[in-house]
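First residue of the sequence shown: 360, per the working numbering; consecutive thereafter.
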Amino acid sequence: MNFITVLVVSAMPILELRAGIPLAIYLGFNPAEAYLISVLGNFLPVPFILFALEGLLGILKRFELIWTLYQKIRQRVEKNRNLVEKYGYLGLTFFVSVPLPVTGAWTACLLAFLLNLNKIKASISILAGICIAGVIVISPIIGLINFIK
C-alpha cells in the first residue's frame, strides 16, 4: 500500500517527486527504492498528458473556472518558452530538472504541447529531467540520513 501511496503522490501535479521521495523515506523505503518509485510515479502520467492534452483542451473550454486556471498556467509556461526554444529538448530536460514548483513534468508537458514538440522526444527529455531532479532531491536526504547515523 505504501508503494501505491508514493506512486500516486509522485504522479500528482505540483507535488511530483519533490514530495514523493521524502514521503517514501518517511514510509520506510531505502533511498534507492524511494528514488525509483518516485521517478516512476512522476513519469507515469507524462505520455498520457502529452497524447491527451489536445483533446482535453476542447473539453476544458466548456468549464469557465478550469479554463481560467489553464490560461493562468499557460501564461506562466510562456515565460519559460525561450529556454526550450533556444535549447530544444535539452532545454526541456533542464526545465524539468530544477525541482521547484511549476518546473515539473506536468508543466513541461504543457510546454511541449504549446511548442508542438515531438511527443516521444519530449517524453524522453522529460524523463531525463525527472531523473536529474530526483538526484537533486534525494542527495540532501541521503546526506541527512548519514549525518544522523
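The beta-carbon is built from N, C-alpha and C at its ideal position, and this holds for glycine as well.
Presumed contact (8 Å Cβ cut-off) between residue i and residue j, rounded CB distance
| i | j | result |
| --- | --- | --- |
| S456 | I408 | Contact flag wrong, Cβ pair sits at about 18 Å. |
| L399 | L366 | 7 Å |
| I485 | C468 | 7 Å |
For residue j and residue i, the rounded distance between their alpha carbons
| i | j | result |
| --- | --- | --- |
| G463 | L376 | 9 Å |
| Y448 | L474 | 11 Å |
| P404 | A370 | 6 Å |
| S482 | P406 | 6 Å |
| V368 | G379 | 6 Å |
| L428 | R435 | 11 Å |
| W465 | E392 | 23 Å |
| G387 | N361 | 9 Å |
| N439 | P381 | 27 Å |
C-beta neighbour in chain C for residue i, strict 8 Å
| i | result |
| --- | --- |
| A471 | Of the chains in the structure shown, none is chain C; there is only one protein chain. |
Secondary structure of residue i, DSSP reduced to three states
| i | result |
| --- | --- |
| G463 | coil |
| K420 | coil |
| N401 | helix |
Status (buried if at least 16 other CB within 10 Å, exposed otherwise) for residue i
| i | result |
| --- | --- |
| F422 | exposed |
| G488 | buried |
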